[in-house]
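Our numbering puts the first residue of the sequence shown at 184, with every later residue one more than the last. Virtual Cβ for every residue (Gly too), placed ideally from N, Cα, C. Keep in mind it's a predicted model, so treat the numbers as computed, not measured. Input: a single structure, listed below in structure tokens.
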Amino acid sequence: KVRSRTHWNERGRARTDWRNVTEAYGRAIRLRTLLRRMMRCVMMDGEIGPARGGYALIVSGMTLHWLADWAGALRRWMKALRPGGMLACSFQEAESFPEWRAQCRRLGLPCTANPFPALQQVQELLGGGRCWMQEEVGRYASARVFFRSLKETGTATSLGGEALGTGAFRRLLRGWDQA
């Protein structure tokens with residue numbers, strides 16, 4: 184089993200299950216189509232942020248950990264909101280994948296999971312707001328199946344280019360399955 188921790192916050196933090204990214208994106212696209220008649224929707228580069236302000240709602244799903252300067256991006260998003268506007272943001276946080284990290288420590292291997300923002304840092308940056316936290320537990324037949332699921336969703340892409348060598352990766356798979 185592998186736990187993934189994600190957050191939802193009206194002011195910009197969200198925990199959600201990384202496995203549901205594709206499904207959530209599909210729902211967001213369908214919602215966008217329905218709402219298009221009532222409001223203007225704009226897709227933008229999350230790193231750069233909005234060119235102007237006055238937004239009633241800014242939504243970001245599972246993007247923070249991909250941004251080089253996630254804190255700066257959140258600040259820009261918050262500034263772009265009109266008074267009373269809402270930032271809805273989901274992200275994996277630093278406590279995600281404790282089982283993966285534990286197996287790497289146990290086996291003396293470096294953990295190559297991408298770094299995620301710490302929840303407390305995000306909370307401080309946003310200065311409050313309603314927040315929901317969700318912890319999902321995924322069950323996988325083997326460590327190989329877990330890592331394959333990461334690859335299928337694009338989550339396996341390493342921001343820093345780190346990767347275990349073939350031998351070390353096999354050792355991780357074998358050790359985790361035998362634990």
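Which residues in the same chain have their Cβ closer than 6 Å to the Cβ of Gly195, if we skip the five residues on either side of it in sequence?
-> Reliability fails at Gly195, whose pLDDT of 39 lies under 50, so the model's placement of it is uncertain and no value is given.
Per DSSP, cross-strand counterpart(s) of Ala271 = Val242
Let me know the alpha helix (DSSP H) ranges lying completely inside the stretch 298-329, each 4 residues or longer, listed in chain order.
-> 302-309
Where does Trp324 land, buried or exposed, given buried means 16+ other C-beta within 10 angstroms?
-> Sequence check: residue 324 is Ala here, not Trp. Exposed is the call here.
Gly237 to Leu250, Cα distance in whole Å?
-> 23 Å
What does DSSP give as the partner residues of Leu264 in its beta bridges?
-> Tyr238
Tell me whether Asp360 sits in a helix, a strand or coil according to DSSP, three-state version.
-> helix
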